[in-house]
Amino acid sequence: MSAPLSDNISPFASSQFMEPHQPRAQLVLRITLALLVLAYAYFVPARLNLVTYLVFLIGVIVYIAAQSLLGLTTILNRASPMVQNGITLVDVAGALFVVLNDPGLQPPTLTLVVTALVLAVSQHRQKPFMAVLVATIVATLAVMAIRQSLVEQPYDLAFFSLAILIVATAAATLIASLHLERMHKRAARVTETDPLTGLGNRWTFYESAKYLLPYHQRNLTPMVVMYADIEVTSHKGKKPAKTINQYLLKQFASIVDQRLRASDIAVHYGGNAFAFLLVDTTTNDAETIAFDLQQSFNNWARQKELGAYAHIGMAVVPNRPIAMDQVLISINAALHRARQYKKGVSGAVFADPEHGR
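Numbering-wise, the working numbering puts 294 at position 251 of the sequence shown, and it's gapless, one number per residue.
Right, here's the structure in full:
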């Protein structure tokens with residue numbers, strides 16, 4: 044039986060998507076750089092351009108406090124896009140504040156802007172990062188222009204020519220990035236669809252779960268995970284031909300497509316297995332869906348004189364945080380019980396017996 048064993052599930056676990064890269068190390072790096080900047084401002088042999096050292100010190104403390112709060116949020120919980128955007132915004136704003144106050148003709152603290160962009164790479168996908176890159180370069184040029192009026196020194200033509208070249212390159216890169224992003228989405232739509240059944244695939248299942256599980260836990264809406272396995276019996280000791288097996292899978296997928304709502308997630312999980320996320324669905328509704336799917340498929344197979352049966356196990360998703368692979372593994376026992384029932388008996392077997400048979 045193609046049961047959802049843990050070694051098959053773990054590579055696609057939802058927790059492995061969109062995780063910040065080394066959040067603890069990033070937080071330590073940010074605090075270390077802030078302290079080094081503080082030391083640089085204290086020992087630089089000239090006064091700061093815009094503020095006093097006390098105000099500068101307060102600004103650095105505010106930066107450390109903000110990044111510590113955001114960093115701990117990332118470490119202790121899954122980082123939301125808003126938190127990641129906040130981290131990048133504080134990084135860039137802090138770096139530009141330091142550059143604005145750096146009294147050097149060609150401020151070495153410009154490396155902080157580069158560092159902020161490098162850190163942003165690990166937090167944003169291609170398209171958002173390119174937007175951050177362009178916005179940062181434009182903001183840096185504006186800060187450099189303001190700073191130039193404060194230091195009362197002539198413009199460095201070579202330096203500003205290089206800056207303009209960087210801006211032009213960034214704009215061209217952004218256009219290319221948008222095109223690549225569109226191409227990537229087109230390719231993703233192809234890979235998200237199982238070519239045999241026309242349903243989603245295992246990757247689609249976990250991507251959907253990544254968004255639906257937090258929604259379920261936040262709003263306390265009922266959600267059921269269902270897993271179907273198509274058993275094909277041998278005829279006179281011979282295994283069914285591959286084309287017959289594919290024919291059965293296509294028919295079951297067609298029944299699923301007709302029976303489920305547009306809001307439900309149905310995928311060909313692999314082999315003879317299908318997985319479902321039934322959103323805003325009670326146990327009674329889920330049992331009705333399972334009964335309809337089994338009855339329709341088993342009756343069709345009987346009419347075609349094909350030895351095939353659909354077994355369905357399901358589990359109610361708890362309101363507490365839980366990984367999707369844990370839910371699927373719990374359905375294993377239910378599927379084993381389902382196979383012990385008499386052929387043709389319809390209805391789902393729950394992983395938690397208190398919800399059903």
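Built from N, CA and C at the ideal position, the CB exists for glycine as well.
Asked, Found
"Span of the beta strand (DSSP E), counted from its first residue to its last, around His-409", "The question about residue 409 has no answer, for the chain in this structure spans 44 to 400."
"Residues bridged to Phe-317 (per DSSP)", "Ala-271 and His-311"
"Three-pair Cβ contact test at 8 angstroms for the region 349 to 365 versus the region 305 to 314", "no"
"Cβ shell of Ile-374 (< 6 angstroms), same chain only, five flanking positions each side left out", "Tyr-270, Gly-356, Ala-358 and Ala-394"
"Coarse secondary structure for Ala-82, derived from DSSP in three states", "helix"
"Residue burial classification, Ser-58 (beta-carbon count within 10 angstroms, cutoff 16)", "Annotation note: pLDDT 38 at Ser-58 (below 50); position unreliable, coordinate value reported separately. Exposed, by the Cβ-count rule."
"Endpoints, the beta strand (DSSP E) within which Ile-355 is located", "351 to 359"
"Pairwise C-alpha distance: Leu-292 and Trp-343", "12 angstroms"
"Cα-Cα separation, Phe-140 to Thr-154", "13 angstroms"
"Cα-Cα separation, Asp-237 to Pro-151", "53 angstroms"
"Under 8 angstroms between C-beta atoms of Phe-295 and Ala-309", "no"
"Test: Ser-306 CB closer than 8 angstroms to a CB of chain C", "Considering every chain present, this structure includes no chain C. It has just one protein chain."
"Span separating the alpha-carbon of Gln-110 from that of Leu-70", "7 angstroms"
"Backbone CA spacing between Val-322 and Gln-338 [nearest angstrom]", "22 angstroms"
"Simplified DSSP state of Asp-323, which is helix, strand or coil", "coil"
"Under 8 angstroms between C-beta atoms of Arg-190 and Leu-242", "no"
"Spatial neighbours of Leu-78 in its chain, beta-carbon cut-off 6 angstroms, leaving aside the 5 residues before and after", "none"
"Buried or exposed (CB count within 10 angstroms, at least 16 for buried), Asn-92", "buried"
"Supposed contact pair Pro-146 and Val-87 - C-beta distance, whole angstroms, cut 8 angstroms", "6 angstroms"
"Same chain, Cβ closer than 7 angstroms to Ser-441, five either side skipped, listed in chain order", "Residue 441 cannot be examined here, being either before or after the span of the chain that is shown, 44 to 400."
"Ile-392 in three-state terms, based on DSSP", "Note that residue 392 is Val in the sequence shown, not Ile. The answer is strand: DSSP assigns Val-392 an E or B state."
"DSSP state of Ala-243 mapped onto helix, strand, coil", "The sequence as given places Gly at residue 243; Ala does not occur at that position. Strand."
"Beta-carbon proximity list for Gly-129, same chain, < 6 angstroms, skipping 5 on both sides", "Leu-113"
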